[in-house]
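These notes are about the structure you will find just below.
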Amino acid sequence: MLSRRYKSRKHSRLSPCIRGRVKGQIELLQDVEARLAGRGGTAGNKFRMSLGLPVAATVNCADNTGAKNLYIISVKGIKGRLNRLPSACVGDMVMATVKKGKPDLRKKVMPAVIVRQRKPWRRKDGVYMYFEDNAGVIVNPKGEMKGSAITGPIGKECADLWPRIASAANAIV
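Read left to right, the sequence shown gives residues 41 to 213 (this note's numbering).
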């Protein structure tokens, strides 16, 4: 929101040149705010969810890359607090290693996106949602899938944030 200082009458006492510049900045800020408000559930913004997968969690791999289990090393975008483990939820990008799977995938750190979690989270409409397993898919740093297919459903939150994953999913819940 705009701060009160721009809405006050102080600017009426300014010279016309400066008043016009301030007015232009206010209109620009209002335009940016209006564009951001109209995003809805598209990429870049996600409602607060219950974090169900801390660092060192093992999740199933839901794609056809040949990996079976993924071990979460870190969570992208988490600032954190002293002694708190970073945790991930549906739609978060994590850095992971393959614990079971093809030998050429193992012992390498690669990005993955969480598509399912067992921990229930509350959606905006009041529904509590959870899956029967924890799962993720291996991606590249841009968010494009390494595999070509996803087994099982994926969360709507993940589909909104990652369009490439949504196009490969057979069910979005």
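Think of the CB as a built atom: it goes at the ideal place given N, C-alpha and C, for glycine as much as any other residue.
Keep in mind it's a predicted model, so treat the numbers as computed, not measured.
Integer Cβ distance of residue i from residue j, believed to fall under 8 Å
i, j, result
"residue 194", "residue 187", "Contact flag wrong, Cβ pair sits at about 13 Å."
"residue 204", "residue 184", "5 Å"
Span of the alpha helix (DSSP H), counted from its first residue to its last, around residue i
i, result
"residue 97", "Counting along the chain, residue 97 falls outside any alpha helix (DSSP H), and DSSP gives it neither H nor E."
Where the beta strand (DSSP E) containing residue i begins and where it ends
i, result
"residue 204", "Unbroken run through residue 204 is the alpha helix (DSSP H), 203–208; no beta strand (DSSP E)."
"residue 141", "133–141"
"residue 170", "Premise fails: residue 170 is in no beta strand (DSSP E) and is neither H nor E."
"residue 115", "107–115"
"residue 152", "150–156"
Proximity below 8 Å, CB of residue i to CB of residue j
i, j, result
"residue 113", "residue 137", "yes"
"residue 96", "residue 176", "no"
"residue 190", "residue 155", "yes"
"residue 131", "residue 201", "yes"
"residue 106", "residue 142", "yes"
"residue 100", "residue 174", "yes"
Chain-order list of residues whose beta-carbon lies under 7 Å from that of residue i (same chain, five-residue window excluded)
i, result
"residue 87", "164"
"residue 91", "127, 128 and 129"
"residue 150", "136 and 178"
"residue 80", "Any reading at residue 80 is ruled out, since the residue's pLDDT is 34, under 50, leaving its predicted position unreliable."
"residue 144", "none"
"residue 208", "185, 188, 189 and 190"
"residue 196", "212 and 213"
Contacting residues, own chain, Cβ-Cβ under 6 Å from residue i (five flanking each side not counted)
i, result
"residue 89", "129 and 161"
"residue 199", "206 and 212"
"residue 119", "none"
8 Å CB neighbourhood of residue i in its chain, flanking five on each side removed
i, result
"residue 181", "151"
"residue 148", "137 and 138"
"residue 168", "160, 161 and 162"
"residue 170", "157, 158, 159, 160 and 161"
Quick test of the definition: if touching needs 3 or more C-beta pairs under 8 Å, does the region 118–126 touch the region 154–169? no
Determine contact between the region 135–154 and the region 105–112, defined as no fewer than three beta-carbon pairs at a distance below 8 Å. yes
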